[in-house]
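Participant:
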Amino acid sequence: MPPDWRFLQDEGNLPDASWSTHTSQAFAGLERINRMRASMDAAVEARLRSRDGEKVLLVSHLPNMAIATNMSRKMLRTKVPQIAFSFNFTTLPKNSFRYLYRLSLRGIDEFVVFSSFERDLYADWFGIPSDKIRFIKWAMNAPSVAPSAVGGTTQPPYLCSIGGEARDYRLIAETMRRLPQYRAVIIARPYSVAGIEFPDNVDVRLNLPGPETWRIAMDSVGMALPLLTRSTACGHITFAAGQLLGIPMVVTDTLGLADYISDVGVFRTVEPGHIDAMVSAVEALFAETDQARNEASAIRSVAERTYSLSHWTTYFTSVLKGL
Numbered sequence: 002m003p004p005d006w007r008f009l010q011d012e013g014n015l016p017d018a019s020w021s022t023h024t025s026q027a028f029a030g031l032e033r034i035n036r037m038r039a040s041m042d043a044a045v046e047a048r049l050r051s052r053d054g055e056k057v058l059l060v061s062h063l064p065n066m067a068i069a070t071n072m073s074r075k076m077l078r079t080k081v082p083q084i085a086f087s088f089n090f091t092t093l094p095k096n097s098f099r100y101l102y103r104l105s106l107r108g109i110d111e112f113v114v115f116s117s118f119e120r121d122l123y124a125d126w127f128g129i130p131s132d133k134i135r136f137i138k139w140a141m142n143a144p145s146v147a148p149s150a151v152g153g154t155t156q157p158p159y160l161c162s163i164g165g166e167a168r169d170y171r172l173i174a175e176t177m178r179r180l181p182q183y184r185a186v187i188i189a190r191p192y193s194v195a196g197i198e199f200p201d202n203v204d205v206r207l208n209l210p211g212p213e214t215w216r217i218a219m220d221s222v223g224m225a226l227p228l229l230t231r232s233t234a235c236g237h238i239t240f241a242a243g244q245l246l247g248i249p250m251v252v253t254d255t256l257g258l259a260d261y262i263s264d265v266g267v268f269r270t271v272e273p274g275h276i277d278a279m280v281s282a283v284e285a286l287f288a289e290t291d292q293a294r295n296e297a298s299a300i301r302s303v304a305e306r307t308y309s310l311s312h313w314t315t316y317f318t319s320v321l322k323g324l
């Protein structure tokens with residue numbers, strides 16, 4: 002996240018609390034030092050505030066920062082609780098890395114995951130007591146949408162597919178190869194489309210800004226969210242954002258999204274890697290565009306309640322009052 006990111010700091014329904022944010026844009030190599038620096042700064046501040054009599058809570062985001070923060074507070078003997086928020090894995094660590102994660106996560110007070118499936122998965126994989134893992138649905142406001150798409154975008158009608166983590170873009174490539182009469186735009190990270198041969202009716206664009214990405218999605222007949230396996234626990238942000246914008250969606254039926262699909266609804270679900278099912282669902286998006294948009298509009302009102310940030314602030318209000 003950028004240095005000016007502030008999580009829930011501007012949400013008005015939290016109790017009177019002061020916030021201090023320490024961010025790290027650590028991608029690879031020596032830049033990972035930034036992660037330890039940020040977590041160490043947070044642990045130092047937490048210790049000082051605690052010594053001054055304040056009630057303090059450390060909140061880390063994503064697994065690697067959870068480990069860095071936990072290590073920092075242990076090194077400094079910072080005796081304040083830590084919540085490992087956004088505890089989510091695209092791929093589970095295996096072998097020696099699994100063992101290292103098990104050791105490094107010990108002592109964290111609570112873990113917040115975004116699907117009920119992950120609660121049991123991580124409890125078993127990392128040896129975390131299940132009562133320390135809290136499932137809370139992903140929450141967000143509707144993303145910003147650019148007023149118009151930048152040049153180079155395929156003209157409507159077209160299918161759209163967005164995202165980088167655990168995406169099965171080979172499935173989209175094969176689907177569109179079978180549907181040469183239609184067009185698609187994929188907006189992805191370079192690693193998620195590497196080595197895939199796309200047919201001529203697919204326009205692949207990389208690393209676009211968020212508002213431009215969602216403009217392209219809004220102008221499409223609908224969005225495909227292809228995920229790799231039944232046990233994939235990714236795609237929550239794209240799924241929620243699309244529903245908040247009223248975009249019809251075809252989604253891989255995964256355990257990670259099961260809570261959302263059952264509670265909010267979706268235009269179509271397909272089994273992982275099932276080309277025939279994806280072809281049929283995409284054809285339906287083009288053939289039934291008006292119906293799909295009407296259904297997505299109805300889903301949007303449910304999504305606004307389901308993904309309200311008030312669910313997260315209610316959680317933190319409870320935690321802060323219990324300090």
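Start counting the sequence shown at 2; every next residue gets the next number (this note's numbering).
Using N, Cα and C, we set each Cβ at its ideal position, and we do this for glycine too.
#1: Would you say Arg48 and Thr79 are within 7 Å of each other, going by their C-beta atoms?
#2: So, Ser193 versus Gly165, is the Cβ gap smaller than 7 Å?
#3: Considering only the alpha carbon of each residue, which of Ser149, Trp126, Ile84 and Ile137 lies closest to Leu310?
#4: Under 8 Å by Cβ, that's how I've got Arg128 and Arg168 pegged, so tell me the actual separation to the nearest angstrom.
#5: When we look at the beta-carbon of Ser19 and count the other beta-carbons within 10 Å, is it buried (16 or more) or exposed?
#6: Would you please state the rounded distance, in angstroms, between the beta carbons of Ala241 and Trp139? I believe it to be under 8 Å.
#7: Using DSSP's beta-bridge definition, name the partner residues of Thr270.
#8: For the alpha helix (DSSP H) containing Gln292, name the first residue and the last one.
#9: Please work out which residues of its chain come closer than 6 Å, Cβ to Cβ, to Ser87, disregarding the five sequence neighbours upstream and downstream, and give them in chain order.
#10: Go ahead and label Tyr100 buried or exposed: buried means 16 or more other beta carbons lie within 10 angstroms of its beta carbon, across all protein chains shown.
#11: For the beta strand (DSSP E) that Arg206 lies in, which residues bound it at each end?
#12: Can you give me the Cβ contacts of Asp260 inside the same chain, cut-off strictly under 6 Å, excluding the 5 residues immediately before and after it?
#13: Given this structure, state the Cα-to-Cα distance separating Ile84 from Asn202, to the nearest angstrom.
#14: Look at the alpha carbon of Ser131 and the alpha carbon of Asp125, and state the distance between them as a whole number of angstroms.
#15: Where does His62 fall in DSSP's three states?
#16: Ser281 to Met41, Cα distance in whole Å?
#17: Which residue or residues does DSSP assign as beta-bridge partners of Gly223?
#18: Apart from the five residues just before and just after Leu246, which ones in its own chain have a Cβ nearer than 8 Å to its Cβ?
#19: Are the stretch 229-238 and the stretch 252-267 in contact at 8 Å, needing three or more beta carbon pairs?
#20: Which one of Ala67, Thr314, Gly323 and Thr155 has the shortest CA to CA distance from Pro106?
#21: Name the two residues that bound the continuous alpha helix (DSSP H) containing Phe118.
#22: Applying the 10 Å Cβ sphere with the 16-neighbour rule, what's the burial state of Pro227?
#23: Under a Cβ-count criterion, where at least 16 other Cβ atoms within 10 Å of its own Cβ denotes burial, should Thr307 be classed as buried or exposed?
#24: Along the chain, which unbroken stretches of the alpha helix (DSSP H) at least 4 residues long are found entirely within the stretch 62-98?
#25: Between Glu213 and Arg206, what straight-line distance do the alpha-carbon atoms span, to the nearest angstrom?
#26: Does Arg171 come out as helix, strand or coil in the three-state DSSP assignment?
#27: Out of Val114, Val151 and Pro148, point me to the one whose CA is closest to Lys133's CA.
#28: Reducing DSSP to helix, strand and coil, say where Glu111 ends up.
#29: Would you call Asn14 buried or exposed, if buried means 16 or more other Cβ atoms sit within 10 Å of its Cβ?
Facilitator: The structure says:
#1: yes
#2: yes
#3: Considering only alpha carbons, the answer is Ile137.
#4: Checking the displayed sequence, the identity of residue 128 turns out to be Gly instead of Arg. Not a contact, Cβ separation roughly 30 Å.
#5: Classification of Ser19: exposed, given that the 10 Å Cβ count is below 16.
#6: 5 Å
#7: Val252
#8: Run containing Gln292: Thr290 to Thr307, per the alpha helix (DSSP H) assignment.
#9: His62 and Leu63
#10: exposed
#11: Val203 to Leu207
#12: Ser116 and Ser117
#13: 46 Å
#14: Cα atoms of Ser131 and Asp125: separation of roughly 8 Å, rounded to the nearest angstrom.
#15: Here His62 carries a strand assignment [DSSP, helix/strand/coil].
#16: 52 Å
#17: Leu160
#18: Correct list, in chain order: Ala143, Pro144, Val146, Trp215, Ala218, Met219 and Arg301.
#19: yes
#20: The amino acid at residue 106 is misidentified as Pro; the sequence shows Leu. Leu106 has its Cα closest to that of Ala67, out of Ala67, Thr314, Gly323 and Thr155.
#21: Ser117 to Phe127
#22: buried
#23: buried
#24: 64-76
#25: 11 Å
#26: helix
#27: Val114
#28: strand
#29: Counting other Cβ atoms within 10 Å of its Cβ, Asn14 stays below 16 and is therefore classed as exposed.
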